[in-house]
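Visitor: Each residue of the sequence shown is one higher than the one before, starting from 1 at the first, in UniProt numbering.
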Amino acid sequence: MPFGLTNAPTTFQAFIDKALGEFLDITCVVYLDDILIFSKNESDHEEHVRQVLTALRCYDLHLKIRKNKKEIGVKVQQTNVVPATFPLFKTAFEAFKALKEAFTSAILLWYFNENKSMRVEMDASAFVIGRILTQQFEINGHLHWLPVAYYSKKLLDIETQYGRGKQELLAIVEAMHHWWHYCQGAKYPIVVLTNHADLVWFMTTPNLMRRQFKWAKKLVEYNFNVTYREGKKNPANGLLKRPDYKLPKASTTLTAAETVQQSFCLGSNDYKPV
């Protein structure tokens with residue numbers, strides 16, 4: 001199909017969806033000519049790649065090898081590797097090791113399991129809202145609530161003028177909307193944890209403001225219960241902290257990554273085995 005036609009992308013997307021229909025969202029996702037194949041291990045991945053290529057061939061679609069084979073960005077040679085001209089102090093070396101350790105030991109996201117219950121942990125600040133979707137997984141014979149997805153969003157100017165209760169409620173609405181493909185039709189009621197106690201009874205409140213009523217209409221599509229939890233036990237609070245953005249009354253000694261990682265550390269008080 002030639003470039004420039006108005007309906008070309010839509011037509012080709014429908015065509016590629018038909019070609020890979022039996023594998024979509026199971027072993028691959030596709031947008032136009034970009035195909036992402038995912039697997040749990042190497043042997044499965046080889047089989048999934050073979051299945052996708054076979055399906056493409058059945059629809060007379062072929063890959064261009066020259067466009068799919070890429071060289072590494074920088075080839076290591078004597079001409080482009082030279083000793084550093086600045087001294088590498090011990091503190092700098094230790095900082096590099098600490099950074100490397102932080103990246104290699106960071107908590108990984110777990111695969112979503114529709115047969116497990118869900119928790120949405122959320123918090124709101126003066127300029128951003130953060131949410132964490134967690135599920136229970138067994139590690140070494142113990143159950144732990146572990147992250148499946150993170151999501152944070154900077155508030156609009158008008159939203160920064162909301163009271164704390166409305167911002168917390170907005171965080172719930174945004175979480176359900178963002179993860180609707182997980183939350184709609186959930187097998188078990190979703191537990192929403194908040195440090196704003198008034199939201200526990202929001203869905204049964206008889207008199208609502210117009211904006212609250214609008215949000216309530218969106219939330220009735222989901223099966224969830226709101227539970228109060230103290231703010232100091234909330235790991236989602238770490239998503240709201242930025243070292244380069246501090247409000248006059250806000251201060252913290254931990255970075256956002258450190259806060260979230262410490263909150264989800266196995267064996268912590270909030271995530272002890274059950």
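Glycine included, C-beta positions come from ideal geometry on N, C-alpha and C.
Bear in mind that the values here come from a model prediction, so they are computed numbers and not experimental data.
(1) Since Y222 contacts Q184 with CB under 8 Å, what's their CB separation in whole angstroms?
(2) Label Q77 either buried or exposed according to how many other C-beta atoms from any shown protein chain fall within 10 Å of its C-beta, with 16 as the threshold for buried.
(3) Relative to the C-alpha of A149, which candidate in F137, L108, L36, V226 has its C-alpha closest?
(4) Out of A126, I158, T134, S105, which has the shortest C-alpha to C-alpha gap to E114?
(5) Please check the pair L208 and A216, which I expect to be a contact at CB under 8 Å, by giving their CB distance rounded to whole angstroms.
(6) Ordered along the chain, which non-local residues of its own chain (more than five positions away) have a Cβ less than 6 Å from that of residue 276?
(7) Which two residues bound the contiguous beta strand (DSSP E) that contains D34?
(8) Where does L208 sit, in a helix, a strand or coil, going by DSSP?
(9) Nearest-angstrom Cα distance between W179 and F202?
(10) Give me the residue from V74, K75, Y59, L53 with the minimum Cα distance to I65.
(11) Look up A8 in the DSSP assignment and say whether it is helix, strand or coil.
(12) Can you pull the DSSP bridge partners for H144?
(13) To which residues does DSSP link D123 through a beta bridge?
(14) Going by beta-carbon coordinates alone, are L61 and A14 separated by less than 8 Å?
(15) Which residue from D33, Y151, V220, K75 puts its Cα closest to that of M122?
(16) Who are Y182's beta bridge partners in DSSP?
(17) In three-state terms, what does DSSP make of S251?
(18) Helix, strand or coil, according to DSSP, for F112 in the structure here?
(19) Roughly how many angstroms separate the alpha carbons of F103 and L5, rounded to a whole number?
(20) I'd like the span of the beta strand (DSSP E) that includes F224, first residue to last.
(21) Rounded C-beta distance between I129 and L155? I'm assuming under 8 Å.
(22) For I139, count neighbouring C-beta atoms within 10 Å of its own C-beta (all shown protein chains included) and say buried if the count is 16 or more, exposed if not.
(23) Applying the 10 Å Cβ sphere with the 16-neighbour rule, what's the burial state of E230?
(24) Considering only the beta carbon of each residue, do G165 and L219 sit closer than 8 Å?
(25) Cα-Cα, which of M118, F213, T79 is closest to I190?
(26) When you compare each of A55, A8, D44 to G21 by their alpha carbons, which one comes out closest?
Guide: In brief:
(1) 6 Å
(2) exposed
(3) L108
(4) T134
(5) L208 to A216, Cβ: 6 Å. Contact.
(6) Here the chain comprises residues numbered 1 to 274, so residue 276 is not present and cannot be evaluated.
(7) Boundaries of the beta strand (DSSP E) harbouring D34: 34 to 37, taken from the DSSP string.
(8) L208: coil per DSSP, three-state reduction.
(9) 21 Å
(10) L53
(11) helix
(12) F137
(13) G130
(14) Annotated as distal: L61 and A14, with beta-carbon spacing of 8 Å or more.
(15) Y151
(16) Beta-bridge pairing links Y182 to no other residue.
(17) Interpretation of S251 is limited by its pLDDT of 41, a score under 50 that renders its predicted location unreliable; no figure is taken from the coordinates.
(18) coil
(19) Taking the straight line from one Cα to the other gives about 45 Å.
(20) 224 to 228
(21) 7 Å
(22) exposed
(23) exposed
(24) no
(25) M118
(26) Answer by Cα proximity: A55.
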